[in-house]
Each structure stands twice: as structure tokens, then as C-alpha cells.
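Quick note, our numbering runs 6 ahead of the 1-based positions in the sequence shown.
Structure first, commentary second.
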Amino acid sequence: MGGWLAVLSLTLVSFALAAFLLRLPKEGFAVFGAVLLFGLVGYAWQGSPAQPGSPKEPDRATEQQSGEEMVTARQQLFDEARAKPDYLVISDGYARKGRFDDASAALRRGLNDNPDHLEGWLALGMALTGHADGNVTPAAFYAYGEARDLDPANPGADFFLGFSFLQTGQIRAARDTWAGLIERSPQDAPWREELESRVARLDEMIANAPMLQ
């Protein structure tokens, strides 16, 4: 309980600083509060505030759920009837168990011999991000870039990259990534309307929160 009280106290202090010291406009209160709430929910999902600060074993149940969702989300962008290379199947097996480091290693070995495999590069970017607790490392950013270069029409690289930025509080980076995807997408792209709505909400958030500008 003490850990949660500390987190909630920090959240309230952050809001007070933004509202009174940084002179956040009243119309931005709700937006900034939503940003703080998003971060708090993310902390509850990724961390364990009730635990001491010493090193601990990772939460395997959470990692496995995250890995399962990661694999399922990526597969929706590709033809399920098309045969997958062995290294991708092996990597997905590791990812579903939350073993993102092993998943990344399997993908690296496979991509050495298959550098033009779009789904492999996308899977590598996602596995590297998962291994870094949602943070986009330089290696993950490179993998996403390789996927994008292989097929600019496939939305996977920038969609998942933007989502990772958003999860780690990089609001403007998420917004710019998704806006770039919209610019490259045809008018009838099935994901365009939803992505435009997401960018519009982020634009409103940025406009009403000076610390994001």
C-alpha cells in the first residue's frame, strides 16, 4: 500500500506543479490529468509498486500475455495461409512465453540469411521493444526502419513504433510517427480513419499541455 501511496502522491504533486507553477491553462487540466492517469495505468501494468526496489524476477504471466498479444497483432497484417519460415515460428514460440531476448536471437539468425523478409524485421522490432519493457531501443528503431523500407505500404512498422512511443510517454514522437504513416497511406486505406482519430486526439493533448510542446 505504501508504494501505491507514493505513486499517487507523486501524480498529485506533478499535477499541482503543472497547474500552478507552470501555469497550465484550465482547459488543459483534463488533458494533462489524462496523461498522468495513462502513465499511472502503464506503471500498474509494467511495474509492481508494492514491491521493494531491489532486483526481482520478471512477472512471467504479464510477459507471456504481452508476447501473445504482440504475435497476434503482427500476424493480422499478413496472410495466415502463407507458410512461415522456421525461425519466425521459433521466435513466436519464445515471444508467447515472454522470452523476448531468445525471440530476438532467433530472428537475427534467420534474417542474416533472409534480409528481405518484411515480417521478420517487424517481429524483430517488436521483440526488441518487448525485451526493453516497451522502450524503443536503437536496434528496435533500426528493425522497424528495415521493415518500412521493404514495404512502405504496410502500416505495421510505424503503427507499432508509434504505439511503443505512446506507451512510454513520448507523445510527440508517437504523433509524428502516426502522422507520417497517414501521409504515406492511400485515402481508402482501412486503417486511415482510426489513425487520423488517434492523431487528432494527440494534437489536442499537445495543444493543451505546454510541457508537450
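The beta carbon of each residue, even a glycine, is placed where N, CA and C say it ideally should be.
Please read these numbers as outputs of a predicted model, since none were measured by experiment.
- Assignment of residue 191 by DSSP, reduced to helix, strand and coil, places it in the coil class.
- About 11 Å separates the beta carbons of residue 180 and residue 187, which is beyond the 8 Å limit, so they are not a contact pair.
- A direct Cα-to-Cα measurement between residue 117 and residue 151 gives close to 14 Å.
- Excluding its 5 nearest sequence neighbours in each direction, residue 76 has C-beta neighbours in its own chain below 7 Å: 101, 132 and 136, listed in chain order.
- Between residue 175 and residue 161, the alpha-carbon positions lie close to 21 Å from each other.
- Three or more beta-carbon pairs separated by less than 8 Å are not found between the region 189-202 and the region 101-114, which leaves the two stretches without contact.
- Going by beta carbons, residue 167 and residue 122 fall outside the 8 Å limit.
- Rounded to whole angstroms, the gap between the alpha carbons of residue 178 and residue 184 is 10 Å.
- About 6 Å separates the Cβ atoms of residue 93 and residue 115, confirming a contact at the 8 Å cut-off.
- One Cα belongs to residue 210, the other to residue 203, and the distance between them is close to 11 Å.
- Secondary structure of residue 144 (DSSP, three-state): helix.
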